[in-house]
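Inspection log for the structure reproduced underneath, given as structure tokens.
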Amino acid sequence: MLTLFLCGDVMLGRGVDQILPCPGDPVLRECYATDARDYVELAETANGPIPRPVDFSWPWGEALGVLDDAGPAARVLNLETGVTGDGTFAGTKDIHYRMNPANLPCLTAARPDVCVLANNHVLDFGRQGLADTLDALAGAGLRTAGAGADADAAARPATVPLAGGRRLLVFACGMPSSGVPPSWAATRERSGVDFVAGPSAAAANALVDRVREWRRPGDIAVVSVHWGANWGYHVARAEAAFAHALLDGGVDVVHGHSSHHPRALEAYRGKLVIHGCGDFIDDYEGITGYEQYRDDLRLLILVVLEPDTGALHEVRIIPLQARRMRLWPASPEDSRWLCALLDKIGSGFRPCALSAVDGTLTLRPTRAAQGRCQTSV
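Counted from 1, the sequence shown has number 263 at position 263 by the UniProt record's numbering; the numbering is strictly sequential.
Structure representation (structure tokens):
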């Protein structure tokens with residue numbers, strides 16, 4: 001079997017950046033906060049004191065040990081933070097995320113194989129901030145997908161070698177429903193993100209054509225999409241149709257993100273759609289207003305595929321909880337809550353199995369959802 005770690009939003013800027021060994025400029029231009037250290041105070045008020053500075057591994061907490069034990073063949077995350085010391089705030093945005101490049105060891109501590117950059121924060125500090133981010137990640141030997149110096153670079157997949165001569169291809173795009181401004185789109189003359197105006201049939205066909213251009217026999221193809229609202233479980237019909245068209249066209253997994261909490265997981269004709277992974281690391285503790293979504297609970301998602309076909313075998317989820325800007329094991333009660341939630345909002349899976357030993361949640365597709373997609377590439 002082939003196991004992939006597919007991670008939601010990783011935000012290492014603002015308050016997280018301030019507790020790391022090399023905090024950057026804390027100045028913000030938000031209507032309710034002008035100093036990034038305010039978010040550290042919010043977290044401490046909610047859950048207790050945070051030692052400063054913390055080790056670079058601190059924000060990942062228990063996740064690092066879990067990943068080492070699981071040994072996934074590849075680790076893919078959505079990096080929702082610019083890596084730049086530039087101070088030019090993008091004028092079209094209210095919220096801006098950046099981490100000091102000197103704190104990059106916090107990212108590399110998780111040993112990501114691919115950092116997805118097609119999101120609504122990678123240009124928070126303009127195209128210079130994007131250039132700084134690309135340079136910093138390349139200098140650390142990290143692969144990226146979804147943003148680049150021009151349209152061709154932004155559209156190019158990240159390629160990860162796998163056992164047996166196979167490759168993992170990760171394509172990434174961002175949509176305006178997640179807050180990606182159209183002006184951030186990469187063109188032949190300027191840098192930016194791989195921008196998709198909406199979840200249309202034409203856009204899905206264009207992505208499928210791109211996958212076919214790059215794919216070789218034995219490759220596994222993932223399309224990573226930043227889409228949808230921050231809050232709510234509703235999946236728009238057009239988004240579901242877009243994901244299904246990708247899978248029907250030969251994509252193996254649709255890796256969705258943007259929402260601050262998990263959205264539905266769907267087993268569709270032998271393939272997987274994650275409509276929203278939810279946040280993984282951020283500085284949102286103490287922010288009130290959406291407590292019913294339990295955005296403090298984070299999912300470490302391990303997708304297990306048949307290596308020869310890309311067919312979905314199962315999804316293993318380790319529930320974690322964000323406290324003091326660190327990931328800790330979720331309580332048995334919270335794990336049961338997540339298990340019930342995934343059953344309620346997901347489709348195509350047997351009832352979620354909760355391990356009494358380690359709290360792992362396991363989702364296996366129903367026999368009906370295991371039917372293979374007819375089109376392959």
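Idealized CB from N, CA, C, for every residue including glycine.
*Can at least three beta-carbon pairs, one atom from the segment 52-66 and one from the segment 77-85, be found at a separation below 8 Å?*
No, the segment 52-66 is not in contact with the segment 77-85.
*Quick one: complete beta strand (DSSP E) runs, 3+ long, within the segment 152-183?*
The qualifying runs are 158-161 and 167-174.
*Could you spell out where the beta strand (DSSP E) holding P319 opens and where it closes?*
Residues L312 to R323.
*Could you give the residue range of the beta strand (DSSP E) that holds L134?*
For L134, there is no enclosing beta strand (DSSP E); the enclosing alpha helix (DSSP H) covers residues G126 to G139.
*asked:* Please report the distance separating the alpha-carbon of D17 from that of A340.
replied: The alpha-carbon atoms of D17 and A340 are separated by roughly 34 Å.
*asked:* Mapping the DSSP letters down to three states, classify E306 as helix, strand or coil.
replied: Coil, per DSSP.
*Run through the segment 244-281 for me and flag every whole alpha helix (DSSP H) of 4 or more residues, listed as ranges in chain order.*
For secondary structure counted as the alpha helix (DSSP H) over 4 or more consecutive residues, the segment 244-281 holds no complete run.
*Using 10 angstroms around the beta-carbon of G289, count the other beta-carbons present and answer buried if the total reaches 16, otherwise exposed.*
G289 should be labelled exposed.
*What does a CB cutoff of less than 8 Å around T375 pick up in its chain, not counting 5 residues either side in sequence?*
Low confidence applies here, because T375 scores a pLDDT of 42, under 50, leaving its location unreliable; read the following figure in that light. Around T375, the same chain offers D248, G249 and G250 as residues with beta carbons nearer than 8 Å, after the five sequence neighbours per side are excluded.
_Rounding to the nearest angstrom, what Cα-Cα distance links D252 and A330 in this structure?_
Each residue's alpha carbon lies about 30 Å from the other.
*If we count the other Cβ atoms within 10 Å of its Cβ and call it buried at 16 or more, is T34 buried or exposed?*
T34 comes out exposed.
*Who does H226 pair with in a DSSP beta bridge?*
As a beta-bridge residue in DSSP terms, H226 pairs with G174 and H257.
_Pairwise C-alpha distance: E306 and T45_ = Between T45 and E306, the C-alpha separation is close to 46 Å.
*How long is the line joining the alpha carbons of R216 and L168, rounded to whole angstroms?*
Cα to Cα, the separation comes out at about 10 Å.
_Rounded separation between T360 and W337 - CA only_ = Their Cα atoms are separated by approximately 13 Å.
*asked:* What ranges does the alpha helix (DSSP H) occupy inside the segment 8-93, keeping only unbroken runs of at least 4 residues that lie completely in it?
replied: Taken in chain order, the whole alpha helix (DSSP H) runs of length 4 or more contained in the segment 8-93 are 14-19, 37-47 and 63-70.
*asked:* Under DSSP, the alpha helix (DSSP H) around V211 begins and ends at which residues?
replied: Counting along the chain, the alpha helix (DSSP H) containing V211 begins and ends at A201 to W214.
*Relative to the C-alpha of G13, which residue among P51, R37, T81 and V40 is closest?*
Nearest of P51, R37, T81 and V40 to G13, Cα basis: T81.
*Simplified DSSP assignment, three categories, for P332*: Here P332 sits in helix by DSSP.
*Please say whether A90 and G126 have beta carbons closer to each other than 9 Å?*
Yes. Within cutoff.
_Suppose the cutoff is 8 Å on Cβ atoms and the five residues either side in sequence are ignored; what does the same chain contact list for A109 look like?_
Contacts found: F56, S57, W60 and L64.
*Return the residue from the list L297, A155, A138 and V225 that minimises the CA-CA distance to G192.*
Looking at the Cα atoms, A155 is the closest of the given residues.
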